[in-house]
Amino acid sequence: QVQLVESGGGLVQAGGSLRLSCAASKNIFSINRMGWYRQAPGKQREMVAAISITLGGRADYADSVKGRFIISRDNAKNTVYLQMNSLKPEDTAVYYCNAIDPRGEYWGQGTQVTVAS
Numbered sequence: 004q005v006q007l008v009e010s011g012g013g014l015v016q017a018g019g020s021l022r023l024s025c026a027a028s029k030n031i032f033s034i035n036r037m038g039w040y041r042q043a044p045g046k047q048r049e050m051v052a053a054i055s056i057t058l059g060g061r062a063d064y065a066d067s068v069k070g071r072f073i074i075s076r077d078n079a080k081n082t083v084y085l086q087m088n089s090l091k092p093e094d095t096a097v098y099y100c101n102a103i104d105p106r107g108e109y110w111g112q113g114t115q116v117t118v119a120s
């Protein structure tokens, strides 16, 4: 079982930046992959960015955030971050942390990000 605790959401003006954090309850090296998903009202949940913990830290991004968002990890803190720059109103959503380990898939409680135009 992996528990995920997100923080860092909030309200920001378009063009601004936010950094989301996701702290895992177990050693990050026992997790295969961690990532961030988002869900806007009336839309399906979508992958934003993900990082492989076991495959050399390879990162994947949704096309809509490439060049603006950066996913990174701090192994000592068992934490994954999402640095979001040049935010747009269409980035407004609830952002969820996700983790996959050999036993299953886990989700955080979500954190609201609102980008005002």
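Each residue of the sequence shown is one higher than the last, beginning at 4 in the numbering used here. Just so you know, even glycine gets a beta-carbon here, dropped at the ideal spot from N, CA and C. Note that the structure is a prediction, hence the values are computed from the model and not measured.
Exercise for the section: Write down every uninterrupted run of the beta strand (DSSP E) in the segment 39-88 whose length is 3 residues or greater and which is fully enclosed by it, in chain order. Expected result: 49-55, 62-64, 72-77, 82-87
Problem - Residue environment, residue 76, which counts as buried when at least 16 other CB atoms sit within 10 Å - result: In the sequence shown, counting from the first residue as 1, residue 76 sits at position 73. It counts as buried.
Handout entry: Supposed close pair residue 27, residue 81 - CB separation, criterion 8 Å
Key = As a working note, residue 27 is residue 24 in the sequence shown. As a working note, residue 81 is residue 78 in the sequence shown. Rounded, the Cβ-Cβ distance is 5 Å, consistent with contact.
Practice task
Determine the DSSP secondary structure at residue 120, reduced to helix, strand or coil.
Solution key: Sequence index remark: in the sequence shown, residue 120 carries index 117 (1-based). Coil at residue 120, not helix or strand.
Practice task
Out of 67, 47, 37, 101, point me to the one whose CA is closest to residue 61's CA.
Solution key: On the sequence shown, position 58 is the one that residue 61 refers to. Residue 37 is the option with its Cα nearest to residue 61.
Practice task
Report yes if the CB atom of residue 33 is closer than 8 Å to the CB atom of residue 94, and no otherwise.
Solution key: One-based indexing of the sequence shown puts residue 33 at position 30. One-based indexing of the sequence shown puts residue 94 at position 91. Going by C-beta atoms, residue 33 is not nearer than 8 Å to residue 94.
Problem - residue 33, DSSP secondary structure in three states - result: Translated into positions along the sequence shown, residue 33 becomes position 30. Looking at residue 33 - three-state DSSP - the assignment turns out to be helix.
Handout entry: contact_flag[the segment 4-22, the segment 84-102] where n(CB pairs < 8 Å) is 3 or more
Key = yes
Handout entry: beta strand (DSSP E) segment containing residue 106, residue limits
Key = Within the sequence shown, numbered from 1, the residue matching residue 106 stands at position 103. No beta strand (DSSP E) contains residue 106, which DSSP labels as neither H nor E.
Handout entry: Closest residue to residue 59 among 71, 78, 85, 119 (Cα-Cα distance)
Key = Translated into the one-based positions of the sequence shown, residue 59 becomes position 56. Closest by alpha carbon: 78.
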